[in-house]
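Going down the list, the protein sequences come from chains A and B. To convert, note that position 167 of the first sequence is 167 in my numbering; the numbers rise steadily by one, no gaps. To convert, take the position in the second sequence, counting from 1, and add 1000; that gives my numbering. Quick notes on the structure that follows.
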Amino acid sequence: LALYFHIGEREEKCIIEDIPSDTLVVGNYKVQRWDIHKHGFLESAPGLGMFVTVTSPTGEVLLSKLYGPQGTFSFTSYVSGEHIICFQSNSTRFAVIAGSKLRIHLDIRVGEHFLDESAIQAKDKVNEVNVRLEHLIEQIHHVTREQDYEREREEKFRKTSEETNSNILWWAIVQTLILISVVIWQIKSLRDFFIAKKLV
Amino acid sequence: MPPRGSRGPLPPLLLVWALAACAARASEITFELPDNAKQCFYEEIAQGTKCTLEFQVITGGHYDVDCRLEDPDGIVLYKEMKKQYDSFTFTASRNGTYKFCFSNEFSTFTHKTVYFDFQVGEDPPLFPSENRVTALTQMESACVSIHEALKSVIDYQTHFRLREAQGRSRAEDLNTRVAYWSIGEAIILLVVSIGQVFLLKSFFSDKRSTATRVGS
């Protein structure tokens, strides 16, 4: 677990994963709390846990659990779209001590299919290549799913662009019509006005 | 072929390999950077490891962000202001914690979605050559070439996905702006022209007495 970042104790930090449907996402995290006295991050803070919440693009909550200071969570997406993974500590210390913060180590893997390590370590040449090939096939399927999802998104993109295009044309026509009718009304109205006022 | 979020399947002789080569890791995270905020990430890197940091802004404002990468001594290795996309490769000159930060402090009200991919170290070979007595069999070399090809497939796919997301975000912004501006313009047009006529009429109503005298 290598990459880490800092957040406040009561802060919620979210990351976004835009993934196709039927994709397995596995996350590993480790959280440490800053100790003011020792001026360092405690290796393991007892009682410190993390709420991990995963929200699907439709707003449905896929996962909402409290884990310990170190843990692994996973979920499988049902719909394609932006899934939001949020982390918040269960710290109930409302008095936010100056300088108190948390260090979160994070590692998120998308579409990973676990290799059967025991099968590989069987040291059987044919078996090893077999397992690797199966792994490769799984991952090619993942590439295909990603591409299908990409096609969907590109279609949405194209629709938006075409809508913008027709909007511009439509509104230009409407504005021209408004302009012409208003000009006609203006001239007519002023002419009637001046005639009434006996100026013309 | 590496799945997103990790590079390189674990080779069988884990212990031997782990001792021999440096661990290859890749972390990619998409996160939201609120306005006037700065978000830093840290990673411990061993000396001599070749690392690559790549980032792209997906949504928000002018699609730009400040990025800064520092080594354990605080020396700035990379610093760019208001960049939309960049890729930076460096070799760690010493052991320690490297820090990179994304800053949206120049923006007053747009929050940005930023994607970054930080790869540490090279990928381990699929079939490590430590305990090998013979050359790679045909199957194994085929596996290796498929692995390499699929790594670049995944790379291109990620790039395309990000650019498409950025393009789509711009298109949606444009659509909204066109709609609002058009409605606004139409309303202003009506209000101004009707107002003009009534204003003109009001100029003449005061001089009614003088106008009749002039006219007759």
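We put the CB at the ideal spot given by N, CA and C, even for glycine.
Check	Outcome
With DSSP collapsed to three states, give me the class of Gln1119 of chain B.	strand
Distance check for Trp171 of chain A and Gln1196 of chain B, CA to CA, integer angstroms please.	23 Å
Can Leu1033 of chain B and Lys1112 of chain B be called in contact, C-beta distance under 8 Å?	yes
Thinking Ile84 of chain A and Gly27 of chain A are a contact (beta carbons under 8 Å), I'd like their distance in whole angstroms, please.	In fact, because the Cβ distance is near 13 Å, the residues do not count as touching under 8 Å.
Against chain A, with Cβ distances strictly below 8 Å, would Gln1047 of chain B count as a contact?	no
Is the shortest distance between the beta-carbon of Thr144 of chain A and the beta-carbons of chain B less than 8 Å?	no
What residue from A:Asp18, A:Arg33, A:Lys38 and A:Glu12 has the CA that sits closest to Thr58 of chain A's CA?	A:Asp18
From B:Ile1194, B:Lys1082 and B:Glu1043, pick the residue whose C-alpha is nearest to that of Phe1118 of chain B; which is it?	B:Glu1043
CB Ile104 of chain A to CB Phe41 of chain A, shorter than 8 Å?	no
If contact means a Cβ-Cβ distance below 7 Å, which residues of the segment 161–182 of chain A contact chain B?	Ser161, Glu163, Thr164, Asn167, Ile168, Trp171, Val174, Gln175, Ile178, Leu179 and Val182
Shortest alpha-carbon distance to Ile178 of chain A belongs to which of B:Arg1177, B:Leu1190, B:Ala1037 and B:Ala1135?	B:Leu1190
Where in the segment 11–51 of chain A do unbroken runs of the beta strand (DSSP E), each at least 3 residues long, occur, reported from the N-terminal end onward?	12–19 and 24–35
Under the rule that 16 or more other beta-carbon atoms within 10 Å means buried, what is Arg204 of chain A, buried or exposed?	Any answer about residue 204 of chain A is impossible in this case: the structure gives chain A only from 1 up to 200.
Does His141 of chain A pass the burial test, meaning 16 or more other C-beta atoms within 10 Å, or should it be called exposed?	exposed
Out of B:Phe1090, B:Lys1099 and B:His1062, point me to the one whose CA is closest to Thr1110 of chain B's CA.	B:His1062
Could you give the uninterrupted runs of the alpha helix (DSSP H) lying entirely in the segment 1043–1121 of chain B, keeping only those of 4 residues or more?	none
Going along the chain, which residues of the segment 1134–1152 of chain B sit with their C-beta nearer than 8 Å to a C-beta in chain A?	Thr1137, Met1139, Glu1140, Cys1143, Ile1146, His1147 and Leu1150
Quick one: is Phe1090 of chain B near chain A, going by C-beta distance under 8 Å?	no
Going by C-alpha to C-alpha distance, which of B:Leu1069, B:Val1144 and B:Asp1073 sits closest to Asn1095 of chain B?	B:Asp1073
In chain order, what residues of the same chain lie with their CB nearer than 6 Å to the CB of Glu1070 of chain B, ignoring the 5 residues before and after it?	Val1076 and Lys1099
Are the beta-carbon atoms of Leu63 of chain A and Ser89 of chain A separated by less than 8 Å?	no
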